[in-house]
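> Quick note, the sequence shown lines up with residues 2 to 182 if you use our numbering.
Got a structure for you, questions after.
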Amino acid sequence: MKPSDPDKLRYPIGTFKKPFPITPEIIKIYQRDIESFPQRLKNEVAHLSEDQLNTPYRSGGWTIRQLIHHCADSHLNAYIRFKLTLTEDNPTIKPYDQERWAELPDGITPPITVSLQLLEGLHYRWTLLLKNLKKGDLVRTFFHPEHGKEFRLEEVLGQYAWHGNHHLAHITQLKKQKGWK
Numbered sequence: 002m003k004p005s006d007p008d009k010l011r012y013p014i015g016t017f018k019k020p021f022p023i024t025p026e027i028i029k030i031y032q033r034d035i036e037s038f039p040q041r042l043k044n045e046v047a048h049l050s051e052d053q054l055n056t057p058y059r060s061g062g063w064t065i066r067q068l069i070h071h072c073a074d075s076h077l078n079a080y081i082r083f084k085l086t087l088t089e090d091n092p093t094i095k096p097y098d099q100e101r102w103a104e105l106p107d108g109i110t111p112p113i114t115v116s117l118q119l120l121e122g123l124h125y126r127w128t129l130l131l132k133n134l135k136k137g138d139l140v141r142t143f144f145h146p147e148h149g150k151e152f153r154l155e156e157v158l159g160q161y162a163w164h165g166n167h168h169l170a171h172i173t174q175l176k177k178q179k180g181w182k
């Protein structure tokens, strides 16, 4: 990959592609990715300096710090959407503007430990929830008004497993490009 290839910089692992069918084996992979994400993220950023954390992963992109805070915001929303979908009949979820959220003070300035700790607790609870789902729970749906369609939880699980891996790849790609440890 050339460092200037904008699609590779923006989507280093490609965009999410929903497999068909979504098998129990695929679900296990998604669950494993969700469960391990906080530790994998923590490992990738453990030795980065403040200057490195404040470096955008691509021109016009978020800084590593913003990526970490964004993951906390995004995965918190996903967890809430899961709980709504498991307790209500096809709820309409509340969209949010992730770009504007990332520009708020709590998305720019806090130490990354705040969001790393949030992700650790959140993913612990999310994993506990996932491991205790009943047959049929993952085919429950919510309605997403921005997309104008319903989403099954099994697909959303895959999207968020991908989402964590996607942002991890932004960080590992930048570290490699810059020669950071």
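Glycine included, each C-beta is placed from N, C-alpha and C at the ideal position.
Relative to the alpha-carbon of T16, which residue among Q160, C72, K136, S50 has its alpha-carbon at the smallest distance?
Check the Cα spacing between T16 and each of Q160, C72, K136, S50: the tightest is with Q160.
> With a CB to CB cut of under 6 Å and the five nearest residues on each side skipped, what residues in its chain are close to E121?
A distance below 6 Å between beta-carbons, with the five flanking residues on each side excluded, links E121 to the following residues of its chain, in chain order: P39.
> Which residue marks the beginning of the alpha helix (DSSP H) containing R101, and which one marks its end?
99–104
> On a Cα-Cα basis, can you pick out the residue from N166, I172, H168, D98 that is closest to E147?
D98
> Using 8 Å as the cut-off, can you tell me whether the stretch 70–84 makes contact with the stretch 14–33, which would need three or more C-beta pairs spanning the two stretches below that distance?
no
> Under three-state DSSP, which class holds P13?
coil
> Indicate whether the contact test is met: 3 or more Cβ pairs, each with one atom in the stretch 134–146 and one in the stretch 54–68, closer than 8 Å.
no
> Using the rule of at least 16 other Cβ atoms within 10 Å of the residue's Cβ for burial, across every protein chain shown, is S213 buried or exposed?
In the structure displayed, the chain extends from 2 to 182; residue 213 sits before or after that span and is not available.
> Grouping DSSP H, G and I as helix and E and B as strand, with all else coil, what is F21?
When DSSP states are grouped into helix, strand and coil, F21 belongs to the coil group.
> Rounded to the nearest angstrom, what separates K43 and L117 at their Cα positions?
7 Å
> Do you know how far the Cα of G108 is from the Cα of R66?
8 Å
> Measure from the alpha carbon of P13 to the alpha carbon of each residue in N166, P111, E151, H70, then state which is nearest.
N166
> What are the boundary residues of the beta strand (DSSP E) that E156 is part of?
Unbroken run through E156 is the alpha helix (DSSP H), 154–179; no beta strand (DSSP E).
> How big is the Cα-Cα spacing for H164 and T110?
22 Å
> Ends of the alpha helix (DSSP H) at T56?
Unbroken run through T56: none, as it is neither H nor E.
> Cβ of I129 within 8 Å of Cβ of E45?
As written in the sequence, residue 129 is Leu, which differs from the Ile given in the question. Their beta carbons are not under 8 Å apart, which means L129 does not touch E45 by this criterion.
> Just reading off the beta strand (DSSP E) that H148 is part of, what are its end residues?
If you look at H148, you'll find it isn't in any beta strand (DSSP E); DSSP assigns it neither H nor E.
> Going by C-alpha to C-alpha distance, which of T93, H124, H48, K95 sits closest to I113?
H48
> Use the C-beta contact count for V115: other C-beta atoms within 10 angstroms, 16 or more gives buried, fewer gives exposed.
exposed
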